[in-house]
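Count along the sequence shown starting at 1, add 495, and that's the number in this note's numbering.
In what follows, a structure is listed as structure tokens, so that the remarks can point back to it.
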Amino acid sequence: DGLSPAISIEQKTTHKNPRSTVATVTEIYDYLRLLFARIGHPHCYNCGDPITRQTPQQIVDSILQLPEGSRVQILAPVVRGRKGEYRELFEEIKREGFVRVRVDGKLHTLDEEIKLNKRIKHNIEVVIDR
Numbered sequence: 496d497g498l499s500p501a502i503s504i505e506q507k508t509t510h511k512n513p514r515s516t517v518a519t520v521t522e523i524y525d526y527l528r529l530l531f532a533r534i535g536h537p538h539c540y541n542c543g544d545p546i547t548r549q550t551p552q553q554i555v556d557s558i559l560q561l562p563e564g565s566r567v568q569i570l571a572p573v574v575r576g577r578k579g580e581y582r583e584l585f586e587e588i589k590r591e592g593f594v595r596v597r598v599d600g601k602l603h604t605l606d607e608e609i610k611l612n613k614r615i616k617h618n619i620e621v622v623i624d625r
């Protein structure tokens, strides 16, 4: 009656990993991640508006409400936060008939040589239409 919940933490041997956090050392990280994933509500990092699921028709309607002459790009993510050079991926995308990609926020044509540092995580999106 009226007792607040408690978390029991078992003391174990010290962890030498400098990236360890209280949650990972006490093994509650997975539970916290699950808790926030289930009860959390995602918001836009830039403007703070809640992120909601939209139907294709809602997306079309919001695009049609843009001012005359506005530019819109339709992108398809193919790599998110992964390391690599992705030369073969660029060749495959080009063979499929696409002309442009956005790599780490910068637009490139597939005719140019795109050199990526294989030790850095990259985001790659194919420009479907613009």
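The beta-carbon is built from N, C-alpha and C at its ideal position, and this holds for glycine as well.
Remember, predicted model here, so these are calculated numbers, not experimental data.
Simplified DSSP state of E583, which is helix, strand or coil | helix
Cβ-based neighbour list, L527, same chain, cut-off 8 Å, excluding 5 preceding and 5 following | A518
Report all residues from its chain with a CB closer than 7 Å to the CB of R582; omit the five preceding and five following residues, and keep chain order.
-> none
Whole-angstrom distance between S499 and K578, CA atom to CA atom = 44 Å
Taking only the alpha-carbon atoms, compute the straight-line gap between D606 and R533 and give it to the nearest angstrom.
-> 44 Å
Identify every residue that forms a DSSP beta bridge with R575.
-> N618
Use the C-beta contact count for E563: other C-beta atoms within 10 angstroms, 16 or more gives buried, fewer gives exposed.
-> exposed
Endpoints, beta strand (DSSP E) assigned at V598 = R595 to V598
Distance, Cα to Cα, N618 vs P537?
-> 20 Å
Quick one: residues in its chain with C-beta nearer than 8 Å to the C-beta of K616, no 5 flanking neighbours on either side, listed in chain order?
-> G576, R577 and K578
What is the DSSP secondary structure of K613, counted as helix, strand or coil?
-> coil
Looking at the unbroken beta strand (DSSP E) that takes in L602, where does it start and where does it end?
-> K601 to T604
Given a threshold of 16 other Cβ atoms within 10 Å of its Cβ, counted over all protein chains shown, does E620 qualify as buried or as exposed?
-> buried
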